[in-house]
Amino acid sequence: MEIEEKKSRPFLSILIWIIPVFLFCLSVMMILYTPVFQDSAFKVKFLFAGKSLFEGKSPEAIENMVLRSGRTISSIETKLEKLKPVKPYIVVNTTENRFSLRNVDGDTVRTGVCSTGKNELLIAGNKRIIFKTPKGIFTVRNKQQNRPWVKPDWAFIEDGLPIPSARSAERIDYSTLGDYAMEIGNGYMIHGTLYQRFLGLPVTHGCVRLGDKDLEVVYNTLSKGSKVYIY
Amino acid sequence: MKNKIAFWIITLLLTACLIFVAITTIIRPVFTKNPLPKATVRNYSEEKKKVGKDEIINPGEDTATATETISNSKDSQNKLLELKRKENLLRSRLILATEDSTYLVLDLINNLAILELKGIPLHECHIIHATISNSIKLYNKDALLGWMAEPFVLRNVEATIPKISYVEKIAPKDTLEANKMVTEPKEAKLGDVLVVMEFERNLRLIISQNEQPDADGLKLISDIRRKYNKNEISRSIQALTKFNREPVKPHIEIVIPKSDATILYKSLPLSPRLILKM
Chain A
1 MEIEEKKSRP FLSILIWIIP VFLFCLSVMM ILYTPVFQDS AFKVKFLFAG KSLFEGKSPE
61 AIENMVLRSG RTISSIETKL EKLKPVKPYI VVNTTENRFS LRNVDGDTVR TGVCSTGKNE
121 LLIAGNKRII FKTPKGIFTV RNKQQNRPWV KPDWAFIEDG LPIPSARSAE RIDYSTLGDY
181 AMEIGNGYMI HGTLYQRFLG LPVTHGCVRL GDKDLEVVYN TLSKGSKVYI Y
Chain B
1001 MKNKIAFWII TLLLTACLIF VAITTIIRPV FTKNPLPKAT VRNYSEEKKK VGKDEIINPG
1061 EDTATATETI SNSKDSQNKL LELKRKENLL RSRLILATED STYLVLDLIN NLAILELKGI
1121 PLHECHIIHA TISNSIKLYN KDALLGWMAE PFVLRNVEAT IPKISYVEKI APKDTLEANK
1181 MVTEPKEAKL GDVLVVMEFE RNLRLIISQN EQPDADGLKL ISDIRRKYNK NEISRSIQAL
1241 TKFNREPVKP HIEIVIPKSD ATILYKSLPL SPRLILKM
């Protein structure tokens, strides 16, 4: 019996050292994974919580607060309603090169592909020209059919051509913008394209290009003052 | 005998060490510090002045929800809580709708991430999975309401994809060079996405993609995750030396499709705002 006890002692003595090793590992784990332990600790805290938001308030006081809150909500909802567009609008997604045309209720009436800015930086000597579609909220300022495009300087720089004078006839291009064009400010437009196969790709100098059929629908739906949301 | 003494000394020392670590890094920050600091609520009347002219709220103009008969106090407490939540959400929306920036609405009730501008939803995506810290889920509702009362403003962001990327091109000298430079446009390959956004009031929002990343993407993703883990470890070590750890940083992690994650990140402005609905 004694021999058996002596034999089991070394085993026990090794086994007992697991305790300090475990304590050490646990301390290290607590430092390495503090957020995990903290998150679990919140469960414990929750068990002892139970403080109510409206503790100590009379039912009448709560009812008054309900009424006041209801009034504030309806007032804010009215304000938000006023901010909604009063005309159909278009939403352009520059990451996926897609558009959605929506009516005043916000329902989508047509979706499709478009082309937006190619995100290119053209370096010409000291000049740096960025070709990108601006993001934000814009307004249709002008609508025109068969609008000629007055080429800006960058169109010549990009083609390696000399820049003509401001009123030169060389600047006028009758085919690029397609059948319809809608100005949205700062020289940016929603217009057609000769390069239908590039629709869905970021290829433009900042304008939004649409396919012929989509352009016609968009042109007929949007009016001067319609909102254009670009993101 | 010697072994026994050594065992007890080491065990006691390590126990003391464990207690110290636990108190400093876990118990104190969790039980004594508020992880959800209260938002400074803007004066609503100031916002009203910006939006419209007929601002006076008619006291008799009660909504249907507000005038319903409230049977018992428990019901009315729940109703009030719901109304307060709705009020906070609408107030935040109104504040941001008066500005010209795109903002993100995280609707964790309906599992939606919505990109909005002027109150108009531009892009909506379904959240496949959302993980919310217990420090948000289980904290008292009073603090939670105060915490979410205003939109969150971004403080810092780390992402595996660039927000804006430009291709640089040197202008050609002549038409010959210009013709040589013409290339057929191709659809850009979407990079793997992990976005870690740190907002004011302690909130960390992690946007990750649902798809399995490729080898390069995986490296970028683990680099960002490792960086944040390192930060947490150094904060814990600092806490041990100073016996003071900052409040717990609650986080929300959402998993959405890669294309949606890219759109959300690229479409938000540099300093975006966030509205939480939960």
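For the record, the sequence lines run as chains A and B. Going by our numbering, the first sequence runs without a break in its numbering and finishes at 231. Going by our numbering, the second sequence runs without a break in its numbering and finishes at 1278. Virtual Cβ for every residue (Gly too), placed ideally from N, Cα, C.
With a threshold of 16 other beta carbon atoms within 10 Å, Thr-1102/B meets it and is buried. Under the Cβ criterion of 7 Å, Glu-1087/B is counted among the residues facing chain A. Residue contact check for Leu-1106/B against chain A: no CB pair falls below 7 Å. With respect to chain A, the C-beta atom of Asp-1174/B has a partner C-beta closer than 7 Å. Identification of chain A residues near Ser-1133/B by a Cβ-Cβ cut-off of 7 Å yields Asp-39, ordered along the chain. Interface annotation, Ala-124/A: in contact with chain B, CB-CB separation under 7 Å. In this structure Pro-202/A is not in contact with Asn-93/A, their Cβ atoms being roughly 11 Å apart against a cut-off of 8 Å.
Contacts with chain A (Cβ-Cβ distance below 8 Å) from the region 1008–1029 of chain B involve Ile-1010, Thr-1011, Leu-1014, Thr-1015, Cys-1017, Leu-1018, Val-1021, Ala-1022, Thr-1025, Ile-1026, Ile-1027, Pro-1029, listed in chain order. If you draw a 10 Å sphere on the C-beta of Glu-60/A, you find fewer than 16 other C-beta atoms in it, and that means exposed.
Below 8 Å, enough C-beta pairs join the region 200–215 of chain A and the region 113–120 of chain A to call them touching: three or more.
Among the bridge pairs identified by DSSP, Ser-115/A is matched with Arg-209/A.
Here Glu-1158/B carries a strand assignment [DSSP, helix/strand/coil]. Going by DSSP, Leu-1117/B is part of the beta strand (DSSP E) stretching over 1112–1117.
In the structure shown, Glu-1177/B adopts helical secondary structure according to DSSP, grouped into three states.
For chain A, the residues of the region 1090–1116 of chain B that bring a beta carbon within less than 7 Å of one of its beta carbons are Leu-1090, Arg-1091, Arg-1093, Leu-1094, Ala-1097, Asp-1100, Thr-1102, Leu-1115, in chain order. Short of 6 Å from the beta carbon of Leu-1145/B, and not among the five residues preceding or following it, lie these beta carbons of its own chain, in chain order: Lys-1084. CA-CA distance, Ile-73/A to Ala-1143/B, rounds to 21 Å. Proximity of the region 1178–1189 of chain B to the region 1227–1246 of chain B falls short of the contact definition, fewer than three beta-carbon pairs being nearer than 8 Å.
A Cβ of chain A is located within less than 7 Å of the beta carbon of Val-1248/B. As the crow flies, the alpha-carbon of Ile-1127/B is around 45 Å from that of Lys-1180/B.
Looking from the CA of Asn-1229/B, the closest CA among Lys-1249/B, Phe-1243/B, Asn-1210/B, Gly-1217/B belongs to Lys-1249/B.
Below 8 Å, enough C-beta pairs join the region 1244–1263 of chain B and the region 1017–1030 of chain B to call them touching: three or more. Here DSSP, grouped into helix, strand and coil, assigns Asp-153/A to helix. For Ile-1109/B, no alpha helix (DSSP H) segment is defined, and its DSSP state is neither H nor E.
In the same chain as Asp-212/A, and ignoring 5 residues on each side of it, the C-beta atoms closer than 8 Å to its own belong to Gly-178, Asp-179, Gly-192, Gln-196, in chain order.
For Pro-85/A, same chain residues with a beta-carbon under 8 Å away, outside a window of 5 residues either side, are Val-104, Ser-226, Lys-227 in chain order. In this structure, the CA atom of Ala-124/A is about 14 Å from the CA atom of Glu-1177/B.
When the beta-carbon positions are compared, Pro-1213/B and Ile-1221/B come within less than 7 Å of each other.
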